[in-house]
Amino acid sequence: MLEGAAALVTGAAKRIGRAIALDLAAHGCDVAVHYHTSSEDAASLRDQIRSTGRRCEALRADLSDPALWPRLIDDVVGALGRLDILINNASAFEKTPQQPFDAAHWERTFRLNVTAPAALVHHAVPFLRRGGRGKIVNLTDISAERPWRRHAAYCASKAALVNVTRSLAKLLAPDIQVNAVSPGIAVFPDHYDETTRQKLIAAVPLCRAGTPEEVAAVVRFLCDEGHYITGQTITVDGGRSIC
């Protein structure tokens, strides 16, 4: 049961992260919603969750800054009194420059998509163990196995996060379960036109895009009922990855 548990969702102000925060709150969690620049969206999410009677705090942090990794965890515990669930959702999604090689782009992408989640886990572990039901879910992407040619750094970072998930599951068992959820098309980038969207949907066996709420439901399952699951990546893509 999630009633009374405390969760941190990174990158929670919009899109899938927002849906996860709302879903966890609807099932009894107090929630810390992390954001970087989307302050208005984070504030509205905080107010929406508070209106349901759950505790909620919006916490700002630039996850490219290592000094803020332990501080964010401390701020969550300070606000909610405990930490039982960590959802690593925040990530950088940018095209990888081809020429000239951009080392800074690769380093920033891996710092945000791999190092920051691993560091947050490291700093959260004492609190997750204290509650006796620690759950970690990392949001990856089907591009970890089906890479896109214009997003090499992003795809590589998500593949790395899958392996971080497996390693941490071994390291932290049996006290803490660590899993990943790999969405397909759940929210289109804003710049995708209708033609592009329909082309992508046509490649999905279920013939539609998914929704953030469908991804959130799988995340919640891993945090609530998935008591015998660890080190796994659950794909939520309408069958796209088998085509």
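Per the working numbering, residue 15 is the first one in the sequence shown, and the count goes up by one each step. Beta carbons: idealized from backbone N, C-alpha and C, even for Gly.
Pairwise C-alpha distance: residue j and residue i
i	j	result
histidine 136	glutamine 113	36 Å
glutamate 239	aspartate 37	14 Å
leucine 100	glutamate 108	24 Å
proline 140	tryptophan 83	14 Å
valine 91	alanine 187	22 Å
asparagine 102	threonine 209	31 Å
alanine 217	glutamate 121	32 Å
isoleucine 256	arginine 160	10 Å
valine 232	alanine 27	19 Å
serine 196	alanine 158	9 Å
alanine 57	isoleucine 30	16 Å
aspartate 204	glycine 245	32 Å
aspartate 61	phenylalanine 115	43 Å
serine 78	alanine 40	30 Å
leucine 94	cysteine 70	8 Å
proline 111	serine 52	26 Å
alanine 81	leucine 59	26 Å
alanine 117	alanine 106	15 Å
leucine 214	threonine 154	19 Å
threonine 247	leucine 134	19 Å
Classification of residue i by the beta-carbon crowding that lies within 10 angstroms, buried from 16 upward
i	result
aspartate 44	buried
glycine 148	buried
cysteine 221	exposed
glutamine 212	exposed
leucine 16	buried
alanine 170	buried
glycine 18	exposed
glycine 253	exposed
arginine 234	buried
aspartate 98	buried
tyrosine 206	exposed
Among the options, nearest to residue i - alpha-carbon criterion
i	options	result
threonine 249	Trp162, Ile199, Ala75	Ile199
isoleucine 156	Gly18, Val229, Met15	Val229
tyrosine 242	Ala158, Pro197, Asn193	Asn193
phenylalanine 202	Asn152, Ile190, Thr225	Thr225
isoleucine 150	Leu73, Leu214, Lys184, Gly252	Lys184
serine 181	Pro131, Pro219, Ser52	Pro131
glutamine 191	Asp55, Tyr206, Ile215, Gly146	Gly146
asparagine 152	Val178, Ala35, Asp207	Val178
Problem - Stretch-stretch touch, CB-based, cutoff 8 Å, three pairs: the segment 15-23 with the segment 33-49 - result: Here the segment 15-23 lies against the segment 33-49, with 3 or more beta-carbon pairs under 8 Å apart.
Practice task
Report yes or no: do three or more beta-carbon pairs, one from the segment 127-147 and one from the segment 164-178, lie closer than 8 Å?
Solution key: These segments touch.
Problem - Cβ contact check for the segment 83-93 and the segment 60-68: 3 or more pairs under 8 Å - result: When C-beta atoms of the segment 83-93 are compared with those of the segment 60-68, fewer than three pairs fall below 8 Å, so the two segments do not count as touching.
Problem - Those runs of the alpha helix (DSSP H) which lie wholly inside the segment 20-50 and span at least 4 residues - result: Taken in chain order, the complete alpha helix (DSSP H) segments of 4 residues or longer contained in the segment 20-50 are 29-40.
Practice task
Only counting runs of 3 or more residues, tell me where the beta strand (DSSP E) segments fall wholly within the segment 133-184, in order along the chain.
Solution key: If we require 3 residues or more, the beta strand (DSSP E) runs fully inside the segment 133-184 come out as 148-153.
Problem - Whole runs of the alpha helix (DSSP H) within the segment 207-236, excluding any shorter than 4 residues - result: Those alpha helix (DSSP H) runs which fall completely within the segment 207-236 and span 4+ residues are 208-216.
Exercise for the section: Can you check the segment 79-122 for any alpha helix (DSSP H) of at least 4 residues that lies completely inside it and give the ranges in chain order? Expected result: As far as the segment 79-122 is concerned, its whole alpha helix (DSSP H) runs of at least 4 residues are 82-94.
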